[in-house]
Amino acid sequence: MHGRTRLKPRKYRAYTRKDIDAIPQLDRVAPRLRTAMKAVSAVLPFRVNDYVLDELIRWEDVPDDPIFRLTFPQPEMLEPGDLRRMVDLVREEAPPAALKAEARAIQDRLNPHPAGQMTLNVPRLDGAPVAGMQHKYRETVLFFPSQGQTCHAYCTYCFRWAQFVGIESLKFASREAQTLVRYLRAHREVRSVLITGGDPLIMKTATLRRYVEPLLTEPGLDHIASIRLGSKAPAYWPYRFVTDPDADDLLQLFEEVRAAGKHLALMTHISHPREIQTRVAAEGLRRAAGAGAVVRCQAPLMRGINDDPDVWADLWSRQVRLGAVPYYLFVARDTGPKGYFEVPLARAHDIFREACRRVSGLARTVRGPSMSALPGKVVVDGVADVAGERVFVLKLLQGRVPGWVGRPFFAAFDPEAAWLDHLRPAFGEAEFFYEAELRAIENGRPEPWRRSGRARGGDRRGGRRTLPVVVGLADPAGAIDRPTWMTV
Ligand code: SF4
């Protein structure tokens, strides 16, 4: 039904920190580097598999090989003092508790949940916070199934690294498919559900089905137009779509989504062209698309891995050739080992523009460089000289407040700036246009859509019923109703 494949099945085998000495290819790596890898992997997650080791890394180029840097912890990912202390603990074979305590202190300094994930994005149902979900943008809900909170291999730069280091308080996860359904029923403004992790395709298809099927069959969810699956399986374990025992079941599930009249998007994370150069990777993408998934590709721009316009031009061209859609180029997020991987915004924009020039129009569906920051997805549209001042031209592609989207704004040019909070408004302005409203949101005043979302049937706060009363109609950026709240 899904086409036969001549590729041989492969058994998945993972290696984690405790297996570093058992990875045969690492024999060629200097002992000093191996010790450093053990030290860093006590702080940040490490996991790789046989396919990545055998097919994706070019061992003759290690330690500079991009896929090696993508998957194996690098010493410079920790601050020199932190690295020294962790290496000393590893060398003296310190008890696990001592190693864990030192690692935890470092993790706490690495901004484990940026952009308000643990506070502003947590949705509420029946007045209580819902675990395992995020609702930052009006139309999109993120759902983190608890069995999907690992990946087939881990990326060294992962911005969700806190999901994998065993700190329960830092995890997002939910077993509650029914909670998701109830939340979506109460939020008719939502159009899209992103099932994410980790990697939801680490789950067996039967488990994934328990989350996806209710979105197709439960009443009251006709407003959900698309289901997205965030996954790096096409790169780290393409056998998931090809020869795994339940690969055909997965494709069947994709087909059911389409048959239910919903769009299925496979939001694929591909950082380097080599990840889609193997036969099995091409076959995996072909089979996913054949089952009705639209494959959209996104990845961050990372120093030492893909900070080269030729790499991106090659990547996007290959994606188009394989039937996938280039979607986003992200800026390294302000979490974890960002300092090691970051590329200044000015350089990121140059790389993006240069790469765009080298591809056909079909690959220019890609957007970027984009920062997923507190106010939303901020793209650097260009660098310009305006009224005698060199500026970054910025725009929100997605915003906490929909009225912020698409409005150009300007920051003073700074060749070193690598994140939104490094930027200052241009032309002597005191702050960016959204900042006053964002401050109010941080201080507890929900976004306008969240308030109007609650308006349907009201909301219970502290046991009392609240009703919306519209007191003003115009937002300075557009036309957003601004209901206020009256407690009765
Ligand atoms: S695949 Fe995604 S979630 Fe998994 S380690 Fe890489 S960046 Fe993180």
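357 is the number that the numbering used here gives to position 325 of the sequence shown; each next residue is one higher, with no gaps. In this text, a Cβ means the ideal position worked out from N, Cα and C, and glycines have one as well. Predicted model, so just to flag it, every value in this text is computed and none were measured.
The beta strand (DSSP E) enclosing residue i, as first and last residue numbers
{"i": "Phe441", "result": "441-444"}
{"i": "Glu14", "result": "This structure does not reach residue 14, given that the chain is present from 33 up to 520, and the question cannot be answered."}
{"i": "Ala321", "result": "Ala321 -> not in any beta strand (DSSP E); alpha helix (DSSP H) instead, spanning 311-322."}
{"i": "Leu361", "result": "357-363"}
{"i": "Pro341", "result": "Taken as a continuous stretch (DSSP letters only), Pro341 belongs to no beta strand (DSSP E), being part of the alpha helix (DSSP H) at 341-353."}
{"i": "Leu429", "result": "421-431"}
{"i": "Pro230", "result": "Before going on, a small fix: residue 230 reads as Gly here, not Pro. Where Gly230 is concerned, there is no enclosing beta strand (DSSP E), given that its DSSP letter is neither H nor E."}
{"i": "Tyr47", "result": "46-48"}
{"i": "Pro401", "result": "399-404"}
{"i": "Pro478", "result": "Neither: Pro478 is in no beta strand (DSSP E) and is coded neither H nor E."}
{"i": "Arg328", "result": "326-333"}
{"i": "Thr151", "result": "Taken as a continuous stretch (DSSP letters only), Thr151 belongs to no beta strand (DSSP E), as it is neither H nor E."}
For residue j and residue i, the rounded distance between their alpha carbons
{"i": "Arg328", "j": "Ile259", "result": "13 Å"}
{"i": "Leu455", "j": "Ala444", "result": "7 Å"}
{"i": "Leu152", "j": "Trp344", "result": "33 Å"}
{"i": "Met431", "j": "Ala405", "result": "The sequence given here places Gly at residue 431; Met does not occur at that position. For Gly431 and Ala405, the distance between alpha carbons rounds to 9 Å."}
{"i": "Gly435", "j": "Ser263", "result": "30 Å"}
{"i": "Arg497", "j": "Thr211", "result": "No answer about Arg497 holds up, because its pLDDT of 32 lies below 50 and its placement is not dependable."}
{"i": "Pro478", "j": "Ala163", "result": "19 Å"}
{"i": "Arg42", "j": "Arg353", "result": "25 Å"}
{"i": "Gly316", "j": "Asp280", "result": "11 Å"}
{"i": "Leu253", "j": "Pro407", "result": "28 Å"}
{"i": "Trp269", "j": "Ala416", "result": "43 Å"}
{"i": "Ala458", "j": "Phe442", "result": "6 Å"}
{"i": "Ala160", "j": "Tyr215", "result": "12 Å"}
{"i": "Arg123", "j": "Arg156", "result": "47 Å"}
{"i": "Gly393", "j": "Pro63", "result": "47 Å"}
{"i": "Arg385", "j": "Ala395", "result": "12 Å"}
{"i": "Arg439", "j": "Phe464", "result": "11 Å"}
{"i": "Trp348", "j": "Ile308", "result": "11 Å"}
{"i": "Ile383", "j": "Pro341", "result": "5 Å"}
{"i": "Thr249", "j": "Asp278", "result": "22 Å"}
{"i": "Ala450", "j": "Glu374", "result": "7 Å"}
{"i": "Pro112", "j": "Tyr372", "result": "12 Å"}
{"i": "Pro144", "j": "Phe191", "result": "8 Å"}
{"i": "His19", "j": "Gly336", "result": "Because the chain is modelled from 33 through 520, residue 19 falls outside the range shown and cannot be assessed."}
{"i": "Thr239", "j": "Leu226", "result": "16 Å"}
{"i": "Arg483", "j": "Leu470", "result": "15 Å"}
{"i": "Lys168", "j": "Ala46", "result": "33 Å"}
{"i": "Thr37", "j": "Val274", "result": "7 Å"}
{"i": "Tyr44", "j": "Val289", "result": "27 Å"}
{"i": "Met165", "j": "Glu92", "result": "43 Å"}
{"i": "Ala419", "j": "Gly460", "result": "12 Å"}
{"i": "Glu87", "j": "Gln106", "result": "20 Å"}
{"i": "Arg241", "j": "Ser178", "result": "14 Å"}
Cβ-Cβ separation, residue j to residue i (assumed contact under 8 Å), whole Å
{"i": "Leu426", "j": "Val437", "result": "Not really, about 12 Å apart at Cβ, beyond 8 Å."}
{"i": "Ala364", "j": "Pro332", "result": "5 Å"}
{"i": "Thr228", "j": "Leu174", "result": "6 Å"}
{"i": "Leu131", "j": "Gly368", "result": "Leu131 to Gly368, Cβ: 18 Å. No contact."}
{"i": "Ala320", "j": "Phe286", "result": "7 Å"}
{"i": "Gly230", "j": "Gln284", "result": "Actually they are not in contact, since the Cβ atoms of Gly230 and Gln284 sit about 23 Å apart, beyond 8 Å."}
{"i": "Pro266", "j": "Ala209", "result": "Actually they do not touch by this definition, with Cβ atoms about 25 Å apart."}
Nearest to residue i (by Cα), restricted to the options the options
{"i": "Asp339", "options": "Arg318, Pro376, Arg272", "result": "Pro376"}
{"i": "Asp51", "options": "Lys40, Arg64, Phe78", "result": "Phe78"}
{"i": "Thr188", "options": "Arg60, Gly414, Val80", "result": "Val80"}
{"i": "Ala325", "options": "Ala380, Leu282, Pro246", "result": "Leu282"}
{"i": "Phe176", "options": "Ala238, Pro128, Leu261, Leu110", "result": "Leu261"}
{"i": "Arg223", "options": "Glu245, Gly252, Ala257", "result": "Ala257"}
{"i": "Met109", "options": "Glu469, Thr397, Trp193", "result": "Trp193"}
{"i": "Glu125", "options": "Gly400, Arg60, Thr67", "result": "Thr67"}
{"i": "Lys40", "options": "Arg242, Tyr271, Ala472, Arg482", "result": "Tyr271"}
{"i": "Val213", "options": "Val197, Phe196, Tyr243, Glu221", "result": "Tyr243"}
{"i": "Pro56", "options": "Val75, Leu85, Thr37", "result": "Leu85"}
{"i": "Arg390", "options": "Asp346, Asn475, Ala133, Pro401", "result": "Asp346"}
{"i": "Asp453", "options": "Gly400, Val398, Ser178, Val410", "result": "Val410"}
Element boundaries [alpha helix (DSSP H), containing residue i]
{"i": "Pro98", "result": "98-103"}
{"i": "Asp281", "result": "279-291"}
{"i": "Glu134", "result": "128-140"}
{"i": "Leu248", "result": "237-249"}
{"i": "Ser224", "result": "Where Ser224 is concerned, there is no enclosing alpha helix (DSSP H), although the beta strand (DSSP E) it sits in stretches over 224-227."}
{"i": "Cys388", "result": "377-389"}
{"i": "Tyr215", "result": "209-218"}
{"i": "Ile473", "result": "467-474"}
{"i": "Pro112", "result": "112-123"}
{"i": "Val75", "result": "Careful: Val75 lies outside any alpha helix (DSSP H) and carries neither H nor E."}
{"i": "Lys370", "result": "370-373"}
{"i": "Ala267", "result": "265-268"}
Neighbour flag for residue i against chain B, beta carbons, 9 Å
{"i": "Val274", "result": "Among the chains of the structure shown, chain B does not appear; only one protein chain is present."}
- Can you find at least 3 beta carbon pairs, one from the region 85-103 and one from the region 127-141, that sit closer than 8 Å? no
- Check whether the region 63-79 touches the region 116-126, counting contact only when three or more Cβ pairs, one atom from each stretch, lie closer than 8 Å. yes
- Message: With three or more beta-carbon pairs closer than 8 Å as the criterion, would you say the region 176-183 touches the region 219-235?
- Response: yes
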